[in-house]
Structures are given as C-alpha cells and as structure tokens.
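Residue numbers (the working numbering), protein chains in the order written: chain G, 4 to 270; chain A, 4 to 264.
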C-alpha cells in the first residue's frame, strides 16, 4: 500500500455563475486525506465546504485545480467514494433493508455473499428489528443510521459525510457521534467529514482543517492528538479545551476580518 | 346521522325531480320520472318475464361489456405508450425538445374534433373507438408522468449514483418509483376521459355499447333509457376510478405511511 493520499485536492477553485454574477465559492483549496484518516473540514455556512465534498463525490466539477482520488482525477460519482448526506436521502418506497442493500443489489452482488455483513452492520448501527420498516416510520436519527449503514455495507475507500448530524436534535446528535466513533474504531474507514460544529470536529477527527468564508480557503490544519478510542467524555478534558480555544481564536480572527471588510467598525 | 349527510343532496334532487314530473313543471312525455327510469333500467338489465322484442330488454350487460372492453383496451394502450414516453420526455432533454412541442400542440385539439378523421382513417370499426379513447387518455398520462419525473429529488439521484447505479437502474428504481404518485394522477384523469371518449365514439363511429344505446334511444324518444344510460356510465366511471385508487393504495403503500407520519 502506498503512502499516497486517498483524496487529494490541489489548488481547487470553484466559481458559480448566478444571474450574470460570478461568485467565487472556493479559492485555491488544497486538502489531502491519508488512508485510514478521519479528516474534518470545519467552517461556517457558505464557506463552500459542501461544494468541496460534492466535488470529491463527483457531483460537481471544479472550476480550477485538481480533485484526485487514488491519484486519478474524479470525473463521476463512484461507489468507492460513498456519501452520507445531511438529509438522509433514503428511497421512501424501499424498506430499511432494501435501502441498505441498494448499492449491493445495484452492482449485482449475490445476496448470499453479503447477507452476513449486512446483518452485522444493521446490528452495529442499532437498526435490528427495523429492517422491514419504511423510512416514513423512522425518526430523524434512525433515518440517518440507515444512511450510514447503506454506505458502510458497500465498504467504500472513503466515506464523505456532509454535516450528517446537522439536522438532528442535540441529544440524538451525541448518540450518533458516539455511534460513528464506535463504528470507526472497528473499521478505521477513511473519512472526510464536513461540519460547522467545532466540538463535533474535534471529537471525531484526526485532523481538522479550519475554513474561511467567501471565498472558502483553508485557514489552518490542526492535528487532533486526542487518544483513541474516544467517547463523549473527551470533550471535557483540558487537551480538548485547549484545541477548542485554538479553533475559536482562528474563527474569531476571521470574523473580525470579515466585519472590517464589510465596513462595520470593530472595537 | 353523519353517515346520511352525503346522501342528503341526491335524495333532495330525486324528490325535486319526482315533483317536477308529477306537478307538470316539465313538458309531459319528455322527461321521465325517477320511478319510470328505475323500471326501464331494471327491464334493460334483467329483461321481461315473457320474451320481448324490445331492444332494451335484458341487453344492458352486453352494452356495458362492449363499452368497458373498449375503455380498458384504449386506456391500457394509452398507458403503455404514455408512461414510457413521459419517462423519457421528463428524463432526457433531447427527447423533450423533440417530442414535447408536438404533444403540446396537439393536446388542445378536443378528441371530439378527431371523430371525422378517425372514421375516415379507421372506418366504422372498433379501431376508431380505440384511437379516440387511447388518444384522449394518453395526454393526461404522458403530461403527468413527465411532471412526476421532473420532480424527482436531486438528492435521491445523487444517492443512487454514489451507490453505483447506472442510467437504467436510476430510471427504473428511482425516477419511475418517484414519479408513480404523479403517474397515478394521470391514470385517474385518463380513465375519466376514456369514458367520455367511448360514449362519443359509440354514438357515431361504432354500432354497439352504451354510447350507441344512448343515441339510439334518443332517436326513438326513449328518454328513460337515455337517463338510465347516463347513470350507467356514471357508475362505471366511478367504479373504474375506485379500482385505480385501490391499486394506488397498494402500490404506493409507503406514501400512506408518510401521510400518517
């Protein structure tokens, strides 16, 4: 196995054209995600972090620069780069089980070869007993468990997560974060995780890339040296708080700059 | 008491109708009373105890079967063409640009206006009727299918793509499924138009079925049979719509769950 990053963005820019106005969403962003790394992209809404993820997924093309996966330019979506969306995006006409096996069935994997693995993942994400339910019968948190299970069973090379817990209530979010930590401890998937929640990024990730808003740039990449396996308790440790302070300072610096540029006086 | 509420208007109407005939508010001999209609209808369905030469004795079922078969055939034809075509028009921009303008241009032509053309081309045969019924039902089916396809959630398409789905899988497993509620709307509108079309076609283009009976009875001054035919068609239209609704409830089970969530 090579040391080459699984995902690599080199000088990636993205410009949108909306009603004749050009808006630069991302400005020369460079990010690398190593194999088995849990990398977080942390930034305010509108910093282009979802756009960045969409480009890695192959949903959108960059305006400039290179988006590489395993050293090859990304051209189209691929099951090796699986996505967990903010909205669960489940197929409402399929049961939980059929949603989870969609990717496998689509690629013609024989049912006998994945049944045990699917069972195991259903167990791990806590969906046992809900296999024949329809998405409409599930809570937001349960839906997102299905969204996670359906990509885990495909055993992708990288997991792209776009604020997957952003629309959940605080308590459910904590439960889901712990769930993701336990799943990650088992499989050590390569993850690119987008969030605007500082604590979430520090709790889950090995590295946190702090982004700035409009146009989005990487301000700084921090290594989160917190020991694993982690649980929610880690968020009360002094080391965690030191990291959080560092991130807060970076963000404050940035919002000050934005305020000055916006013409607002800052004391 | 609440269960009787929906029956109130029809009962009131029947009472008014009876009164109008008996009090001679309407010209005598032209409008039959509800009782006369019921008696004629009964004879039309079950026949008379003694053998009768009347064409309206015991021939109801045959007329119903003729019309129903035409509606079913024309409707299935419309669905078989309209649903796949709607899928492609909604999904593929090139197909849309090729086909959609023609559909929109032809759609305002009422199916009744197609009658002379249909008879000239297909003659006084079933084919004329099937053409009119099929064409009438085709428009709402194709238009609603197209709308349903275009309303497919982009996120679901992306989800399918990132799980490795190709175009065919996406079209059959995602787009079609997502458009199904809209397709059923089109089918229900289509079957309604099919019943309109079959009556028109049978009045002029073929010599059997409820539409033929309706026109024939009018010519020989049997308004009781005319009214009985109207009720018959209404009933059949209602039942076929109910059948479609039932089918939709089974096929779109996930949607009823959504409504209760």
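Every residue, glycine too, gets a C-beta built ideally from N, C-alpha and C. If you're wondering where the values come from, they're calculated on a predicted model, not measured in any experiment.
8 Å Cβ cutoff, residue 167 (chain A) in contact with chain G: yes
Any C-beta of chain A under 8 Å from that of residue 105 (chain G): yes
Chain-ordered residues of the segment 60 to 77 of chain G with a beta carbon less than 8 Å from chain A: 60, 61, 62
Whole-angstrom C-beta distance between residue 207 (chain G) and residue 180 (chain G), which should lie under 8 Å: 6 Å
Proximal residues of chain G, C-beta to C-beta of residue 170 (chain A) below 9 Å: Here the premise fails: no neighbours, minimum Cβ distance about 12 Å.
Completely contained beta strand (DSSP E) runs for the segment 180 to 238 of chain G, where each covers 3 or more residues: 193 to 198, 210 to 215, 220 to 226
CB-CB length for residue 213 (chain G) against residue 225 (chain G), believed under 8 Å: 7 Å
Start-to-end residues for the alpha helix (DSSP H) that takes in residue 58 (chain G): 52 to 60
Option in G:10, G:8, G:7, G:30 with minimal Cα separation from residue 18 (chain G): G:30
DSSP-derived helix/strand/coil call for residue 181 (chain A): helix
Coil, strand or helix - residue 164 (chain G) by DSSP: strand
Beta-carbon proximity check, residue 15 (chain G) vs residue 68 (chain G), cutoff 8 Å: yes
Cβ neighbours of residue 203 (chain A) in the same chain (closer than 8 Å, five flanking residues each side left out): 114, 115, 118, 135, 214
Residue-chain proximity (residue 82 (chain G), chain A), Cβ-Cβ < 8 Å: yes
Beta-carbon proximity check, residue 234 (chain G) vs residue 184 (chain G), cutoff 8 Å: yes
Classification of residue 3 (chain A) by the beta-carbon crowding that lies within 10 angstroms, buried from 16 upward: Outside the shown range of chain A, which is 4 to 264, sits residue 3 (chain A), and nothing can be said about it.
Between the CA atoms of residue 143 (chain A) and residue 50 (chain A) - distance to the nearest angstrom: 39 Å
Rounded separation between residue 2 (chain G) and residue 39 (chain G) - CA only: Only positions 4 to 270 of chain G appear in this structure, which leaves residue 2 (chain G) out of reach.
Residue 257 (chain A) at chain G interface by Cβ criterion, 8 Å: yes
Exposure label - residue 188 (chain G); buried when at least 16 CB within 10 Å: exposed
DSSP state of residue 146 (chain G) mapped onto helix, strand, coil: helix
Environment of residue 112 (chain A) [buried if 16+ CB atoms lie within 10 Å]: exposed
Same chain, Cβ closer than 8 Å to residue 4 (chain G), five either side skipped, listed in chain order: Note that residue 4 (chain G) scores a pLDDT of 49, beneath 50, so its modelled location is shaky; the value from the coordinates is reported in the next line. Around residue 4 (chain G): 38.
Any C-beta of chain G under 8 Å from that of residue 177 (chain A): yes
N-terminal and C-terminal residue of the alpha helix (DSSP H) that residue 219 (chain A) is part of: 213 to 222
Straight-line gap, residue 246 (chain G) to residue 85 (chain G) (C-alpha atoms, nearest Å): 29 Å
Spatial distance of residue 165 (chain A) from residue 150 (chain A) (CA atoms): 25 Å
Identified DSSP bridge partners for residue 125 (chain A): Looking at the DSSP assignment, residue 125 (chain A) forms no beta bridge with any residue, so it has no partner.
C-beta contact flag for residue 30 (chain A) and residue 47 (chain A) at 8 Å: no
Unbroken alpha helix (DSSP H) run spanning residue 27 (chain A), endpoints: No alpha helix (DSSP H) holds residue 27 (chain A); DSSP gives it neither H nor E.
Listed by chain order, chain G residues near residue 159 (chain A) by CB distance under 7 Å: 92, 94
Other residues of its chain near residue 242 (chain A): CB distance less than 6 Å, five sequence neighbours each side excluded: none
Rounded Cβ spacing between residue 87 (chain G) and residue 70 (chain G) (contact assumed at less than 8 Å): So it is not a contact: roughly 19 Å between Cβ atoms.
Cβ pair residue 180 (chain A), residue 247 (chain A) closer than 8 Å: no
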